[in-house]
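Student:
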Amino acid sequence: MPMKLSVVIPVYNGENFIKRAYQSVKAQNLEAIDYEIIFIDNNSTDNSAGLIQELLETDSKVKLFVQPKQGEAHARNKGIEKAQGEYLHQLDVDDELYPKALNRMIDVLDKYPEVEAVVGRMVKSNEDLFNTVKPRDETHAVTFKEKPYLGLKWFLDLSSVVGEAAFMHRKSVFEKIGIYNTHISMGTDTALDIKLGMLCNVAYIDTYIYLYFKHFDSITSESKRKINQVHHLWSRTIEADLPLYYEHNLDEEYKVHLFNQVFNTMGKIIYYSDNFAERYMAFKKIPSQVSPLRVAFRIKLYLIVLVFLPIEILLKLYLYYLSKAYVQKHISEF
Numbered sequence: 370m371p372m373k374l375s376v377v378i379p380v381y382n383g384e385n386f387i388k389r390a391y392q393s394v395k396a397q398n399l400e401a402i403d404y405e406i407i408f409i410d411n412n413s414t415d416n417s418a419g420l421i422q423e424l425l426e427t428d429s430k431v432k433l434f435v436q437p438k439q440g441e442a443h444a445r446n447k448g449i450e451k452a453q454g455e456y457l458h459q460l461d462v463d464d465e466l467y468p469k470a471l472n473r474m475i476d477v478l479d480k481y482p483e484v485e486a487v488v489g490r491m492v493k494s495n496e497d498l499f500n501t502v503k504p505r506d507e508t509h510a511v512t513f514k515e516k517p518y519l520g521l522k523w524f525l526d527l528s529s530v531v532g533e534a535a536f537m538h539r540k541s542v543f544e545k546i547g548i549y550n551t552h553i554s555m556g557t558d559t560a561l562d563i564k565l566g567m568l569c570n571v572a573y574i575d576t577y578i579y580l581y582f583k584h585f586d587s588i589t590s591e592s593k594r595k596i597n598q599v600h601h602l603w604s605r606t607i608e609a610d611l612p613l614y615y616e617h618n619l620d621e622e623y624k625v626h627l628f629n630q631v632f633n634t635m636g637k638i639i640y641y642s643d644n645f646a647e648r649y650m651a652f653k654k655i656p657s658q659v660s661p662l663r664v665a666f667r668i669k670l671y672l673i674v675l676v677f678l679p680i681e682i683l684l685k686l687y688l689y690y691l692s693k694a695y696v697q698k699h700i701s702e703f
């Protein structure tokens with residue numbers, strides 16, 4: 370019989386969490402199925418590889434592969450490549466699974482072959498699982514979300530995205546939707562989740578699957594965080610969201626939100642650039658970045674104004690009046 374489950378754990382300098390992540394998987398009581406735990410070492414400079422090697426020597430379920438190309442997407446893709454299981458679950462090394470979580474998701478995929486993935490809930494905490502109070506509102510009910518319900522939900526409201534460890538995929542789904550986009554600066558998992566929800570039928574289980582460990586943030590100013598968010602959103606927009614629209618016949622609601630996002634972020638990417646040279650370079654890149662979408666002369670004209678005059682009131686006029694009105698008037702042409 371083929372292997373049932375592959376649990377993929379990407380690791381970058383995770384020596385403080387490796388044994389905890391391993392125990393979290395072992396505590397799932399998966400003895401009734403054939404499974405594997407795949408660690409992907411992504412150029413760790415600490416003792417991560419040594420600790421995984423120790424686990425490998427005592428547990429035949431454990432496997433270790435190295436991904437020399439740096440980045441979350443590269444590491445996840447290596448895990449997909451090496452996984453032998455019919456189902457695939459991805460657990461970040463610093464997160465923890467709640468008891469029976471994997472078995473519950475396996476049961477859903479076993480029972481409903483038309484479902485291509487199942488997703489549950491997460492808890493965020495600065496503490497580990499043992500020291501975090503788990504909410505008591507889960508029902509374990511399973512509901513079915515036909516495409517593009519969840520894709521639209523996640524696209525329209527990023528706060529509803531729950532992280533890769535809340536999912537279990539059929540490995541075959543990656544042949545349909547592709548793997549993680551290595552060109553996105555951050556949020557490659559969000560981009561894939563949106564694509565999954567737009568193109569595939571996904572079951573939702575009202576169960577807490579994992580605890581997302583929140584590291585204490587370094588001291589970063591609010592303005593710096595805003596700038597980073599804009600650049601990450603622009604990267605995802607041009608590398609994932611826009612190509613997804615052109616490659617597939619997608620929902621009208623996705624289309625309207627997408628092009629509002631595209632034109633709004635054009636203004637923001639210029640406004641939030643550090644200096645004139647960077648603003649001008651951002652302006653020059655936009656037409657090729659959004660191709661085959663044509664950027665109208667009136668939009669270009671206002672964007673060049675922002676290059677020379679990065680004033681907040683001018684950005685607001687662009688976002689709330691010019692960009693919005695332009696998309697509303699020309700949406701049928703996109």
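Taking my numbering as reference, the numbering of the sequence shown is continuous, increasing by one, and the terminal residue is 703.
Yeah, the Cβ is synthetic: ideal placement off N, Cα and C, and Gly gets one too.
With K583 as the anchor, note down where its alpha helix (DSSP H) starts and where it stops.
Tutor: First-last for K583: undefined, no H or E at that position.
Student: Checking 8 Å against the spacing of the C-beta atoms, do D415 and E384 come in under that value?
Tutor: Yes, the pair counts as a contact, with Cβ atoms nearer than the cut-off.
Student: Would you call the CB atoms of I553 and E616 closer than 8 Å?
Tutor: Cβ atoms of I553 and E616: not closer than 8 Å.
Student: Would you say the segment 533 to 547 touches the segment 424 to 440, given that touching needs at least three Cβ pairs under 8 Å?
Tutor: As far as the Cβ criterion goes, the segment 533 to 547 does not touch the segment 424 to 440, which means the pair count is below three.
Student: Do I449 and I548 count as a contact pair if the criterion is CB distance below 8 Å?
Tutor: Yes. Within cutoff.
Student: Could you name the residues of the same chain whose beta carbon sits closer than 6 Å to that of I596, not counting the 5 residues immediately before and after it, in chain order?
Tutor: For I596, where only same-chain residues beyond five positions count, the Cβ hits under 6 Å are Y641.
Student: Are the beta-carbon atoms belonging to S494 and F582 less than 8 Å from one another?
Tutor: The answer is yes: Cβ separation under 8 Å.
Student: Check each candidate in V377, I700, K654 and name the one with the smallest Cα separation from N411.
Tutor: The option with the nearest alpha carbon to N411 is V377.
Student: Based on Cα-Cα distance, which residue from K522, D506, L525, Y573 lies nearest to M537?
Tutor: The shortest C-alpha separation from M537 is found at Y573.
Student: Could you spell out the range, first to last residue, of the beta strand (DSSP E) harbouring S494?
Tutor: Its beta strand (DSSP E) spans residues 486 to 494.
Student: Is the CB-CB distance between V531 and M491 below 8 Å?
Tutor: Yes, these two residues count as a Cβ contact at 8 Å.
Student: Once the 5 residues before and after N550 are set aside, which same chain residues still bring their CB inside 8 Å of it?
Tutor: A442, T557, A560, L561, E608, A609, listed in sequence order.
Student: Given S692, which residues of its chain have a CB within under 6 Å of its CB, disregarding the five upstream and five downstream residues?
Tutor: Answer for S692: F632, N633, listed in chain order.
Student: Which of the three DSSP states, helix, strand or coil, is assigned to H552?
Tutor: Correct three-state label for H552: coil.
Student: In three-state DSSP terms, what is A572?
Tutor: Reduced to three states, the DSSP call for A572 is strand.
Student: Can you tell me the Cα-Cα spacing of Q598 and R445, whole angstroms?
Tutor: Each residue's Cα considered, the two are about 22 Å apart.
Student: Under 8 Å, do A535 and Y481 count as touching if we go by C-beta distance?
Tutor: Not a contact, by the Cβ cut-off of 8 Å.
Student: Is the beta carbon of M372 closer than 8 Å to that of G454?
Tutor: For G454 and M372, yes; Cβs fall inside 8 Å.
Student: Output yes or no for whether 8 Å exceeds the beta carbon distance between L399 and L374.
Tutor: Contact flag set, yes.
Student: Can you check whether the CB of Q397 is closer than 8 Å to the CB of K469?
Tutor: In contact: K469 and Q397 (Cβ atoms closer than 8 Å).
Student: What did DSSP end up calling D410 once you bin it into helix, strand or coil?
Tutor: Residue state, collapsed to three classes: strand.
Student: Of the choices I682, V571, L478, whose alpha-carbon is the least far from that of K522?
Tutor: Closest by alpha carbon: V571.
Student: Provide the residue span of the alpha helix (DSSP H) that contains R445, from first to last.
Tutor: Start and end: 441 to 451.
Student: Any idea what DSSP makes of V394, helix, strand or coil?
Tutor: The answer is helix: DSSP assigns V394 an H, G or I state.
Student: Going along the chain, which residues of its own chain have a beta-carbon closer than 6 Å to the beta-carbon of Y649, five neighbours each way excluded?
Tutor: Excluding sequence neighbours, Y649 sits near V676.
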